[in-house]
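Peer 1: I'd like to ask you about the structure that follows.
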Amino acid sequence: MNPYNCISLEHRVGMIQVVLNAETIANIQKEKGTFTPTASFKKGPILAWLKDYNTTEQALNKAIEEFTMSCAGYCVATYVLGIADRHSDNIMVKQTGQLFHIDFGHILGHFKEKFGIRRERVPFVLTHDFVYVINKGQKQGNILEFKLFQKCCEKAFMILRKHGNLILSLFAMMISTGLPELSCEKDLQYLRDTLALSKSNTDATEHFRAKFNEALSNSWKTSLNWASHNISKNNKA
Numbered sequence: 295m296n297p298y299n300c301i302s303l304e305h306r307v308g309m310i311q312v313v314l315n316a317e318t319i320a321n322i323q324k325e326k327g328t329f330t331p332t333a334s335f336k337k338g339p340i341l342a343w344l345k346d347y348n349t350t351e352q353a354l355n356k357a358i359e360e361f362t363m364s365c366a367g368y369c370v371a372t373y374v375l376g377i378a379d380r381h382s383d384n385i386m387v388k389q390t391g392q393l394f395h396i397d398f399g400h401i402l403g404h405f406k407e408k409f410g411i412r413r414e415r416v417p418f419v420l421t422h423d424f425v426y427v428i429n430k431g432q433k434q435g436n437i438l439e440f441k442l443f444q445k446c447c448e449k450a451f452m453i454l455r456k457h458g459n460l461i462l463s464l465f466a467m468m469i470s471t472g473l474p475e476l477s478c479e480k481d482l483q484y485l486r487d488t489l490a491l492s493k494s495n496t497d498a499t500e501h502f503r504a505k506f507n508e509a510l511s512n513s514w515k516t517s518l519n520w521a522s523h524n525i526s527k528n529n530k531a
């Protein structure tokens with residue numbers, strides 16, 4: 295994962311560390327696509343963009359490995375923490391392949407709605423273009439690279455679950471800080487549910503596996519949400 299520093303200076307004022315040599319998914323898709331509204335449905339833009347900056351086979355394989363591991367980390371973290379508003383301008387990729395998320399204004403399942411419809415209808419973002427990079431451009435199927443990616447996600451989830459009580463304690467201490475989306479016991483219950491703390495290890499693994507399959511099979515919903523975001527952004531430009 296790619297942590298970056300944030301410093302609070304006063305009420306509603308702060309500074310965020312700049313991450314160099316990185317671009318948003320939206321801009322990558324726009325740069326490598328042919329038509330902005332449909333760019334989010336194309337599977338090749340991210341891999342093509344990485345190839346531009348990693349011109350040898352060794353460098354490209356390293357970038358794909360970085361993308362795969364960072365994608366696994368953020369899939370699990372954003373699911374457990376219920377991080378919302380995951381449109382294509384809130385996810386970025388470094389030229390070295392590391393994927394990372396930005397803008398954590400909505401957490402713990404406080405998902406945004408429009409006209410009474412929840413925008414995000416998947417547990418976490420795992421789109422076809424992400425999978426295309428992980429699979430090194432191979433068609434989706436029984437591919438070793440993707441199996442290893444899924445195992446990495448499951449392992450990361452179980453590690454977080456192992457430290458579930460610590461995570462709950464840290465969030466409980468923040469209830470009094472004034473965060474609008476972390477203000478009561480109900481918000482802590484969201485973490486208990488995503489971490490499946492009431493289940494056995496075997497059942498918890500199956501719980502996450504079901505969420506993983508849901509995110510993958512419904513990735514078209516994420517692409518549709520991103521297309522809507524791109525159209526809205528272009529209309530405002």
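For the sequence shown, the working numbering assigns the number 295 to the initial residue and increments by one for each residue that follows. Backbone N, C-alpha and C fix where the C-beta goes; we use that ideal spot for every residue, glycine too. Note that the coordinates shown come from a computational prediction; the quantities given were computed from them, not determined experimentally.
(1) Can you have a look at Ala357 and say buried or exposed, based on whether 16 or more other CB atoms are within 10 angstroms of its CB?
(2) Just the C-alpha distance for Ser513 and Phe506, rounded to the nearest angstrom, thanks.
(3) Who are the Cβ neighbours of Glu359 in its own chain at under 8 Å, not counting the five residues just before and after it?
(4) Once you ignore the five residues that flank Asn348 on each side, which residues in its own chain have a CB closer than 6 Å to its CB?
(5) Considering Cα atoms alone, identify which of Asp423, Gln389, Arg415, Thr350 is closest to Gly338.
(6) Helix, strand or coil: how does DSSP classify Cys300 here?
(7) Does the segment 435–444 touch the segment 371–381, meaning 3 or more C-beta pairs lie closer than 8 Å?
(8) I'd like the list of long-range same chain contacts for Gly308, defined as Cβ closer than 7 Å, with 5 residues on each side in sequence excluded.
(9) What is the DSSP secondary structure of Ala316, counted as helix, strand or coil?
(10) Expressed to the nearest angstrom, what Euclidean distance is found between the alpha-carbon atoms of Lys345 and Leu510?
(11) What did DSSP end up calling Gly367 once you bin it into helix, strand or coil?
(12) Can you tell me whether Pro417 is buried or exposed, with buried defined as 16 or more other CB within 10 angstroms of its CB?
(13) Over the uninterrupted beta strand (DSSP E) stretch that includes Ile469, give me the two end residues.
(14) For Lys530, collect the residues of the same chain with a Cβ closer than 6 Å to its Cβ; drop the 5 residues on either side in sequence, then sort them by chain order.
(15) Give, in chain order, every unbroken run of the beta strand (DSSP E) that is at least 3 residues long and sits entirely within the segment 353–397.
(16) Give me the Cβ distance between Thr318 and Met363, rounded to the nearest whole Å; I'm assuming they're in contact under 8 Å.
(17) Could you check if Ala320 is buried or exposed, using at least 16 other CB atoms within 10 Å of its CB as the buried criterion?
(18) Under three-state DSSP, which class holds Asn524?
(19) Quick check: what's the CA-CA separation for Leu314 versus Asn384?
(20) Excluding the 5 residues flanking Lys445 on each side, which residues of the same chain have their C-beta closer than 6 Å to its C-beta?
(21) From Lys534 to Ala342, what distance separates their C-alpha atoms?
(22) Please report the distance separating the alpha-carbon of His404 from that of Glu475.
Peer 2: Quick look at the numbers:
(1) Here residue 357 corresponds to residue number 63 of the sequence shown, with the count starting at 1. Classification of Ala357: buried, given that the 10 Å Cβ count is 16 or more.
(2) For the purposes of this step, residue 513 is taken as residue 219 along the sequence shown, with counting starting at 1. For the purposes of this step, residue 506 is taken as residue 212 along the sequence shown, with counting starting at 1. Between Ser513 and Phe506, the C-alpha separation is close to 11 Å.
(3) As a working note, residue 359 is residue 65 in the sequence shown. Contacts found: Gly391.
(4) Start at 1 with the first residue of the sequence shown, and residue 348 comes out as number 54. Same-chain partners within the cutoff: Leu354, Ala357.
(5) Taking the first residue of the sequence shown as position 1, residue 338 is located at position 44. Checking every option, the nearest Cα to that of Gly338 belongs to Asp423.
(6) Reading the sequence shown from its first residue, position 6 is the one you call residue 300. Strand, per DSSP.
(7) no
(8) Here residue 308 corresponds to residue number 14 of the sequence shown, with the count starting at 1. Closer than 7 Å at Cβ, skipping near neighbours: Cys300, Ile301, Ser302.
(9) Along the sequence shown, one-based indexing puts residue 316 at 22. Of the three classes helix, strand and coil, the one that applies to Ala316 here is strand, per DSSP.
(10) As a working note, residue 345 is residue 51 in the sequence shown. As a working note, residue 510 is residue 216 in the sequence shown. Distance between the alpha carbons of Lys345 and Leu510: 24 Å.
(11) Along the sequence shown, read from residue 1 onward, the residue named residue 367 stands at position 73. If DSSP states are grouped into helix, strand and coil, Gly367 belongs with the helices.
(12) Taking the first residue of the sequence shown as position 1, residue 417 is located at position 123. Counting Cβ neighbours within 10 Å, Pro417 comes out buried, since at least 16 surround it.
(13) The residue given as residue 469 occupies position 175 in the sequence shown. Here Ile469 belongs to no beta strand (DSSP E), and DSSP marks it neither H nor E.
(14) Sequence index remark: in the sequence shown, residue 530 carries index 236 (1-based). Residue placement at Lys530 cannot be trusted, given a pLDDT of 49 that sits under 50; what the coordinates show is reported in the next sentence. Cβ neighbours of Lys530 beyond the five flanking positions: none.
(15) 385–388, 393–395
(16) As a position in the sequence shown, residue 318 is number 24, starting the count at 1. As a position in the sequence shown, residue 363 is number 69, starting the count at 1. About 20 Å separates the two Cβ atoms, so there is no contact after all.
(17) If you number the sequence shown from 1, residue 320 lands on position 26. Buried: at least 16 other Cβ atoms inside 10 Å.
(18) Reading the sequence shown from its first residue, position 230 is the one you call residue 524. Looking at Asn524 - three-state DSSP - the assignment turns out to be helix.
(19) Along the sequence shown, one-based indexing puts residue 314 at 20. Along the sequence shown, one-based indexing puts residue 384 at 90. Each residue's alpha carbon lies about 15 Å from the other.
(20) As a working mapping, residue 445 is identified with position 151 in the sequence shown. Taken in chain order, the list of residues that qualify is empty.
(21) There is simply no residue 534 to check, as the chain begins at 295 and stops at 531 in what is shown.
(22) Taking the first residue of the sequence shown as 1, we reach residue 404 at position 110. Taking the first residue of the sequence shown as 1, we reach residue 475 at position 181. For His404 and Glu475, the distance between alpha carbons rounds to 7 Å.
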